[in-house]
Amino acid sequence: MEIHQIPSLRSPVMVIAFSGWNDAAEAATGALSHLLGSWTDPSFDVVPELIADVDPEEFYDFQVNRPMIYVDESSVRNLTWPGTQIYALRTPTLDHDFIVVRGVEPSMKWKTFTSDLLDLAEDLEIDLVITLGSMLADTPHTRPITVSGSGAHPDIAQRLGVEISKYEGPTGILGVIQVACVQRDIDAVSLWAAVPHYASNSPSPKASLALVNALEDFLRISIPQGALPEESTAWEVEVTEMAKEDSDVAEYVKALEESKDASELPDVTGESIARELERFLRRQSGN
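Start counting the sequence shown at 1147; every next residue gets the next number (our numbering).
Written out as structure tokens, the structure reads:
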């Protein structure tokens, strides 16, 4: 890892997402991209600062994640290598700043990769790590995207008010980071969005928006929404039109909607309304 600077930050929270296995419909990396670019209004005066990046030669199999060629404005060919970048995001309107880790899931040496990342986290005095992921699920695109939050350890889950992670099975780099955080006494929480599996071929701004909202709710902050709500609506309309072209898919979506509506308990709906109201009030107070 090449560290460019160690900035002075206020109670920074590290937020992490990787493309690949952990990133169905690019929802998690899309949420981080939005976080990095959401304070573009000059009144916020928030500019992401690249503070470190990871040497791709050590951690990536280039036959799995190939470098990309692009031609610049001078018609010169250049290469973009798969990797991981780490940004500082100073947000003076909030009680804390962010460290944003965004990249491609590494192909090898996960223990070393995780150790290097958390060494930096300790240097930056990170007390809380939030990982973002998205997974394929049997859920309709016409209903709110469900985001589940869980803690890496029962004590953390209880203290931070999230569920205890009971997942067993294959994991990605996010799972490795979560366990390593517990071993270093760093609080770690995971937020996962459920993406309709029949609509996973293209980026889902609706799932990214759901993760951004979940991050807001967990930290009790307000993040500028930008064009994400409009892009979310356009995505839903596009998927609906796609489903109409195939009667089998249309029937399947209808069945998912009926199942979702039948299982939706009144108190859960009430909780959703309360979260929306809290979000609205935070934005009003922020303005």
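Backbone N, C-alpha and C define an ideal beta-carbon position, used for all residues, glycine too.
* Coarse secondary structure for R1248, derived from DSSP in three states -> For R1248, the secondary structure class from DSSP, reduced to helix, strand or coil, is strand.
* Asked: If you draw a straight line from the C-alpha of D1331 to the C-alpha of S1221, how long is it?
  -> Per the coordinates, the alpha-carbon of D1331 lies some 50 angstroms from the alpha-carbon of S1221.
* **Between the CA atoms of W1227 and L1266 - distance to the nearest angstrom** => Their Cα atoms are separated by approximately 22 angstroms.
* **Residues that G1279 bridges to, as DSSP identifies them** => Looking at the DSSP assignment, G1279 forms a beta bridge with W1338.
* Asked: Any heavy atom of the ligand PLP closer than 7 angstroms to the CB of S1165?
  -> This structure simply doesn't include the ligand PLP, nor any ligand for that matter.
* To do: Determine which residues share a DSSP beta bridge with T1230 and list them.
  => According to DSSP, which records beta bridges pairwise, T1230 is partnered with G1249.
* For V1192, does the three-state DSSP call read helix, strand or coil? -> Of the three classes helix, strand and coil, the one that applies to V1192 here is coil, per DSSP.
* Residue range of the beta strand (DSSP E) that I1215 falls in? -> Here the beta strand (DSSP E) through I1215 covers 1214 to 1217.
* **Helix, strand or coil at D1301 according to DSSP, with G and I counted as helix** => D1301 carries a helical assignment under DSSP once its states are collapsed to helix, strand and coil.
* To do: For S1165, name the three-state secondary structure that DSSP assigns.
  => Secondary structure at S1165: strand, using DSSP grouped into helix, strand and coil.
* **Own chain residues within Cβ distance below 7 angstroms of S1184, not counting five before or after** => If we look at S1184 and ignore the five residues flanking it on each side, its Cβ neighbours are I1369, P1370, G1372.
* To do: Can you give me the Cβ contacts of H1343 inside the same chain, cut-off strictly under 6 angstroms, excluding the 5 residues immediately before and after it?
  => Cβ contact annotation for H1343 (same chain, cutoff 6 angstroms, sequence separation greater than five): L1282, in chain order.
* According to DSSP, which residues form a beta bridge with L1270? -> Note: L1270 is not bridge-paired with any residue in the DSSP secondary-structure output.
* To do: Please classify G1307: does DSSP put it in a helix, a strand, or coil?
  => The three-state secondary structure of G1307, taken from DSSP, is coil.
* If you drop the 5 nearest sequence neighbours on each side, which residues of the same chain put their C-beta closer than 7 angstroms to that of L1402? -> Listed in chain order, the non-local C-beta contacts of L1402 below 7 angstroms within the same chain comprise D1284, T1285, P1286, local neighbours out to five positions each way being set aside.
* DSSP-derived helix/strand/coil call for L1155 -> For L1155, the three-state secondary structure derived from DSSP is coil.
* What are the partner residues of G1372, as DSSP defines its beta bridges? -> Beta-bridge partners of G1372 (DSSP): none assigned.
* To do: Rounded to whole angstroms, what's the CA-CA distance from D1301 to L1264? Just pull it up for me.
  => Distance between the alpha carbons of D1301 and L1264 is about 20 angstroms.
* Tell me the DSSP bridge mates of G1295? -> L1337.
* **Among E1251, V1322, V1395, nearest to G1166 - alpha-carbon criterion** => Closest by alpha carbon: E1251.
* To do: Return helix, strand or coil for L1365, following the three-state DSSP convention.
  => Here L1365 sits in helix by DSSP.
* In the structure shown, what three-state DSSP assignment does I1149 receive? -> In the three-state reduction of the DSSP assignment, I1149 falls in the strand class, which pools E and B.
* Asked: Is the CB-CB distance between L1240 and T1277 below 8 angstroms?
  -> Between L1240 and T1277, the C-beta spacing is not below 8 angstroms.
* Distance CB(V1161)-CB(F1244) smaller than 8 angstroms -> The answer is yes: Cβ separation under 8 angstroms.
* Where DSSP assigns a beta bridge to A1174, which residues make up the other side? -> A1174 is not bridged to any residue.
* Simplified DSSP assignment, three categories, for N1224 -> N1224 sits in a strand when the DSSP states are folded into three classes.
* Using CA coordinates, which residue listed in I1232, K1257, S1253, A1380 is at the minimum distance from I1149? -> Comparing Cα-Cα distances from I1149 to each of I1232, K1257, S1253, A1380, the minimum goes to I1232.
* To do: Give me the Cα-Cα distance between F1208 and F1259, rounded to the nearest whole angstrom.
  => C-alpha separation (whole angstroms): 16 angstroms.
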